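Data first, discussion second: the structure below is written as structure tokens.
2 protein chains.
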Amino acid sequence: MGSWEDNVRKVVPYVPGEQPNQPDMIKLNTNENPYPPAPGVQKALSAMDAGQMRLYPDPASADLVHALADHYQVSPSQIFVGVGSDDVISMAFLTFFHGKKPVLFPDITYSFYEVWADVYRIPYRTIPLDDQFRICPEDYTLENGGIIFPNPNAPTGAAMNPEGVEQIIRQNPDSVVIVDEAYVDFGTASALPLLKKYDNLLVVQTFSKSRSMAGMRIGFAIGNEKLIRFMQDVKYSVNSYTMNRPSIFLGKAALQDDIYFRNTTRKIIETREWAKDELRKRGFHFADSKANFLFASHETVSAVKIFEGLRKRHIYVRYFNRPRIDNYLRITIGTKEQMQALFDALDEILR
Amino acid sequence: MGSWEDNVRKVVPYVPGEQPNQPDMIKLNTNENPYPPAPGVQKALSAMDAGQMRLYPDPASADLVHALADHYQVSPSQIFVGVGSDDVISMAFLTFFHGKKPVLFPDITYSFYEVWADVYRIPYRTIPLDDQFRICPEDYTLENGGIIFPNPNAPTGAAMNPEGVEQIIRQNPDSVVIVDEAYVDFGTASALPLLKKYDNLLVVQTFSKSRSMAGMRIGFAIGNEKLIRFMQDVKYSVNSYTMNRPSIFLGKAALQDDIYFRNTTRKIIETREWAKDELRKRGFHFADSKANFLFASHETVSAVKIFEGLRKRHIYVRYFNRPRIDNYLRITIGTKEQMQALFDALDEILR
Numbered sequence: 001m002g003s004w005e006d007n008v009r010k011v012v013p014y015v016p017g018e019q020p021n022q023p024d025m026i027k028l029n030t031n032e033n034p035y036p037p038a039p040g041v042q043k044a045l046s047a048m049d050a051g052q053m054r055l056y057p058d059p060a061s062a063d064l065v066h067a068l069a070d071h072y073q074v075s076p077s078q079i080f081v082g083v084g085s086d087d088v089i090s091m092a093f094l095t096f097f098h099g100k101k102p103v104l105f106p107d108i109t110y111s112f113y114e115v116w117a118d119v120y121r122i123p124y125r126t127i128p129l130d131d132q133f134r135i136c137p138e139d140y141t142l143e144n145g146g147i148i149f150p151n152p153n154a155p156t157g158a159a160m161n162p163e164g165v166e167q168i169i170r171q172n173p174d175s176v177v178i179v180d181e182a183y184v185d186f187g188t189a190s191a192l193p194l195l196k197k198y199d200n201l202l203v204v205q206t207f208s209k210s211r212s213m214a215g216m217r218i219g220f221a222i223g224n225e226k227l228i229r230f231m232q233d234v235k236y237s238v239n240s241y242t243m244n245r246p247s248i249f250l251g252k253a254a255l256q257d258d259i260y261f262r263n264t265t266r267k268i269i270e271t272r273e274w275a276k277d278e279l280r281k282r283g284f285h286f287a288d289s290k291a292n293f294l295f296a297s298h299e300t301v302s303a304v305k306i307f308e309g310l311r312k313r314h315i316y317v318r319y320f321n322r323p324r325i326d327n328y329l330r331i332t333i334g335t336k337e338q339m340q341a342l343f344d345a346l347d348e349i350l351r
Numbered sequence: 001m002g003s004w005e006d007n008v009r010k011v012v013p014y015v016p017g018e019q020p021n022q023p024d025m026i027k028l029n030t031n032e033n034p035y036p037p038a039p040g041v042q043k044a045l046s047a048m049d050a051g052q053m054r055l056y057p058d059p060a061s062a063d064l065v066h067a068l069a070d071h072y073q074v075s076p077s078q079i080f081v082g083v084g085s086d087d088v089i090s091m092a093f094l095t096f097f098h099g100k101k102p103v104l105f106p107d108i109t110y111s112f113y114e115v116w117a118d119v120y121r122i123p124y125r126t127i128p129l130d131d132q133f134r135i136c137p138e139d140y141t142l143e144n145g146g147i148i149f150p151n152p153n154a155p156t157g158a159a160m161n162p163e164g165v166e167q168i169i170r171q172n173p174d175s176v177v178i179v180d181e182a183y184v185d186f187g188t189a190s191a192l193p194l195l196k197k198y199d200n201l202l203v204v205q206t207f208s209k210s211r212s213m214a215g216m217r218i219g220f221a222i223g224n225e226k227l228i229r230f231m232q233d234v235k236y237s238v239n240s241y242t243m244n245r246p247s248i249f250l251g252k253a254a255l256q257d258d259i260y261f262r263n264t265t266r267k268i269i270e271t272r273e274w275a276k277d278e279l280r281k282r283g284f285h286f287a288d289s290k291a292n293f294l295f296a297s298h299e300t301v302s303a304v305k306i307f308e309g310l311r312k313r314h315i316y317v318r319y320f321n322r323p324r325i326d327n328y329l330r331i332t333i334g335t336k337e338q339m340q341a342l343f344d345a346l347d348e349i350l351r
């Protein structure tokens, strides 16, 4: 064996969450939407012609970008699309976090921020949430080379108010501030209106949660034109054709049906609020989630025990073995029926 | 405006080749396959259920990986899949070319190698092709941190014999050697059999050309398990879910119909050989291409003039304004009818 290994970029391998695949399972572990995509998506899928697949997709994904621009009332030149919001944020890290000062993000947050910083050798510093798992805007005044946080935060589900978000952006005019709004459609105010006031803001959203399209891998960022152009330049230097034809075509179709979108997100919000009551009754406490999941801890029974008990009953939730949160479970909001099955199982486990 | 721009990774923006979209055009500019994907792909597409799109795809793309493993008679752990071979090679650059010594590749080759090296800040050195546009294995003995070349080469189409490829790999046991076989199915011997002898070899192929699926973005690499594991570790630190559900499902379907695959590649090879005669008759010369394109220069009329003349007639070929090749046109092999239309147009332009 030669010494080619010396030149290898070695990273601590990130292990994606398990994707169990059992016919009778209740899958509440990866924040998927329990409802199918809008009916127009099936129609679009059925209309697709495999013959077109021989041709490259449009590298600019113009059809999808224009549909997003119409929907969010911004210019197409303010939109960047990618293979899920992971691709979009990874590209933003590579583009905007290229300085020597540390990038700031919360200590309890989306675990990929740390992973991207490691793989791209970006210095970073985590800022602890307060005792109630809240992001405190006044903590984000340290010298930094960029800031990213989700709103609502993951895996806590806690949302910051618009004033708090604006404070962080205003305090840091020399940094790009990325607000990761993967879960924003379940009841949090978006930072999008702030784009008119701040040129250092990048808002990232996804089709994976509220639009029921995790399987299609579609994410997007909205920011000022200059910011987006810098991202495009890097993206076109990595892979010009990231969005395949089905993504562009079905993504556009998913945006057309706003009534369906409002109905399904409303149903998930209602189920979430009901689930909060049901969990409270059973001795759980949690931050006031505005996402499509709850991050809950039981007053007497350990998270691991509950996790294992649910798993035995083919109900999958997410457990993170990490400091400060190792007694919590992240429970995706499913249908009412799925949640009832969860509560029934909890009644057995907690008995 | 703040100074956030100081932290931006600024790259020379890569401009992807034009993707014209006119109903009557003849598109011979991006090496797409003139034939549709195998009939099984349309069947698979019609069988897809949009309801499944709400669920994340399998991060390991196991169905596609196993189909590839069966097809190429290797272990699934020897296979890496990505969003087109661009994604695969970009990930290989990030993973394997992490040293301080320059990476080597030909001066006339796939233009993205230079772009990836720039975006990832990888030192590199280009090695000139000889006067007949050939890669000379003995030139690849300089100290290096990795090697990549396409076989057949692009945009020349010239293939290296298996001994030459093996010589480069054997000479460089301390470097990862990537053989980019995007066009290998049109009549070149693959380096895959060498995997049994060398642990520093990575072979990259794509569904975009010979499998008529440019629009789906599916590429893959085959190498020894250790090499693949290093790539997976980096990939899982960038984006765990790169392959969407249609890619995995339709990619697998495309591999099932070997007879269709052989028939369409054979037809393209036949058309290419006929096109060589027709171009020679008209005063063109070119390297002996083994790809689905010809790289041709006319004895008296400039490439730019021919390019513009064809364009006016809605026939698109590719022109590269780069040293040593600025009097050449890269012409994709279309159907016999498309090529006849090209020759008719050339007869008018050269008259």
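Respectively, the protein sequence lines represent chains A and B. Just so you know, the first sequence maps onto residues 1 to 351 in full-length UniProt numbering. Just so you know, the second sequence maps onto residues 1 to 351 in full-length UniProt numbering. Quick reminder that beta carbons are idealized off the backbone N, C-alpha and C, glycines included. Quick caveat, the model's predicted, so the values are computed rather than measured.
Among the options, the one whose alpha carbon lies nearest that of residue i
{"i": "residue 30 (chain A)", "options": "A:150, A:312, A:135, A:154", "result": "A:154"}
{"i": "residue 7 (chain B)", "options": "A:226, A:36, A:99", "result": "A:99"}
{"i": "residue 245 (chain A)", "options": "A:34, A:57, A:314", "result": "A:57"}
{"i": "residue 72 (chain B)", "options": "B:52, B:195, B:318", "result": "B:195"}
{"i": "residue 135 (chain B)", "options": "B:158, B:118, B:219", "result": "B:158"}
{"i": "residue 143 (chain A)", "options": "A:160, A:209, A:172", "result": "A:172"}
{"i": "residue 238 (chain B)", "options": "B:277, B:298, B:82, B:130", "result": "B:82"}
{"i": "residue 235 (chain A)", "options": "A:95, A:152, A:163", "result": "A:95"}
{"i": "residue 326 (chain B)", "options": "B:348, B:313, B:296", "result": "B:296"}
{"i": "residue 322 (chain B)", "options": "B:101, B:304, B:281", "result": "B:304"}
{"i": "residue 275 (chain B)", "options": "B:259, B:260, B:264, B:293", "result": "B:293"}
{"i": "residue 106 (chain A)", "options": "A:291, A:121, A:125", "result": "A:125"}
{"i": "residue 79 (chain A)", "options": "A:86, A:66, A:89, A:111", "result": "A:66"}
{"i": "residue 351 (chain A)", "options": "A:147, A:309, A:317", "result": "A:309"}
{"i": "residue 270 (chain A)", "options": "A:333, A:44, A:166", "result": "A:333"}
{"i": "residue 161 (chain A)", "options": "A:290, A:116, A:175", "result": "A:290"}
{"i": "residue 27 (chain B)", "options": "B:313, B:344, B:328", "result": "B:313"}
{"i": "residue 129 (chain B)", "options": "B:115, B:109, B:145, B:147", "result": "B:109"}
{"i": "residue 241 (chain A)", "options": "B:76, B:25, B:55, B:84", "result": "B:84"}
Limits of the beta strand (DSSP E) - the one that residue i falls within
{"i": "residue 82 (chain A)", "result": "79-82"}
{"i": "residue 39 (chain A)", "result": "Not the beta strand (DSSP E): residue 39 (chain A) falls in the alpha helix (DSSP H), residues 39-47."}
{"i": "residue 296 (chain B)", "result": "293-298"}
{"i": "residue 286 (chain A)", "result": "284-286"}
{"i": "residue 206 (chain A)", "result": "201-206"}
{"i": "residue 177 (chain A)", "result": "177-180"}
Endpoints, the alpha helix (DSSP H) within which residue i is located
{"i": "residue 162 (chain B)", "result": "162-171"}
{"i": "residue 147 (chain A)", "result": "Careful: residue 147 (chain A) lies outside any alpha helix (DSSP H), inside the beta strand (DSSP E) at 147-150."}
{"i": "residue 55 (chain B)", "result": "Careful: residue 55 (chain B) lies outside any alpha helix (DSSP H) and carries neither H nor E."}
{"i": "residue 322 (chain B)", "result": "Element bounds for residue 322 (chain B): n/a, residue is neither H nor E."}
{"i": "residue 349 (chain A)", "result": "336-350"}
{"i": "residue 333 (chain A)", "result": "Looking at the DSSP string, residue 333 (chain A) is not in any alpha helix (DSSP H), and its letter there is neither H nor E."}
{"i": "residue 63 (chain B)", "result": "62-72"}
{"i": "residue 304 (chain A)", "result": "303-312"}
Inter-residue CB distance, residue i and residue j (contact presumed, cutoff 8 Å)
{"i": "residue 221 (chain A)", "j": "residue 203 (chain A)", "result": "7 Å"}
{"i": "residue 40 (chain A)", "j": "residue 256 (chain A)", "result": "5 Å"}
{"i": "residue 307 (chain A)", "j": "residue 298 (chain A)", "result": "About 11 Å separates the two Cβ atoms, so there is no contact after all."}
### Message
Residues of the segment 259-288 of chain A in Cβ contact with chain B at a cutoff of 8 Å, in chain order, please.
### Response
Listed by position along the chain: nothing, the set is empty.
### Message
So if I threshold CB-CB distances at 9 Å, which residues from the segment 2-18 of chain B count as touching chain A?
### Response
Per Cβ criterion, the list reads 2, 3, 4, 5, 6, 7, 8, 9, 10, 11, 12, 13, 14, 15, 16, 17.
### Message
Give the list of continuous beta strand (DSSP E) stretches no shorter than 3 residues that lie fully inside the segment 213-279 of chain A.
### Response
219-223
### Query
For the segment 63-95 of chain B, which residues have a CB atom closer than 8 Å to at least one CB atom of chain A, in sequence order?
83, 84, 86, 87, 90, 94, 95
### Message
Output needed in chain order: residues of the segment 50-63 of chain B with a Cβ under 9 Å from some Cβ in chain A.
### Response
Of all residues in the segment 50-63 of chain B, only 50, 51, 52, 53, 54, 55, 56, 57, 58, 59, 60 come within less than 9 Å of chain A when Cβ atoms are compared, listed by chain position.
### Message
Beta carbons nearer than 7 Å to chain A: which residues of the segment 233-255 of chain B have them?
### Response
233, 234, 236, 237, 238, 239, 240, 241, 242, 244, 245, 246, 247
### Query
According to a CB-to-CB cut-off of less than 9 Å, which residues of the segment 149-175 of chain B neighbour chain A?
172, 173, 174, 175
### Task
Scan the segment 198-218 of chain A for residues whose Cβ lies nearer than 8 Å to a Cβ of chain B and list them as they occur along the chain.
199, 200, 208, 212, 213, 214, 215, 216, 217
### Task
Using a Cβ-Cβ cut-off of less than 8 Å, list which residues of the segment 296-325 of chain A approach chain B; keep chain order.
none
### Message
If the cut-off is 8 Å on Cβ atoms, which residues from the segment 23-37 of chain B count as contacting chain A, listed in chain order?
### Response
Answer set for the segment 23-37 of chain B: 27, 30, 32, 33, 34, 35, 36, 37.
### Contact list for the segment 116-139 of chain B against chain A, Cβ threshold 8 Å
Listed by position, the residues of the segment 116-139 of chain B near chain A (Cβ gap below 8 Å) are 116, 118, 119.
### Uninterrupted beta strand (DSSP E) stretches inside the segment 103-148 of chain B (no shorter than 3 residues)
103-106, 124-127
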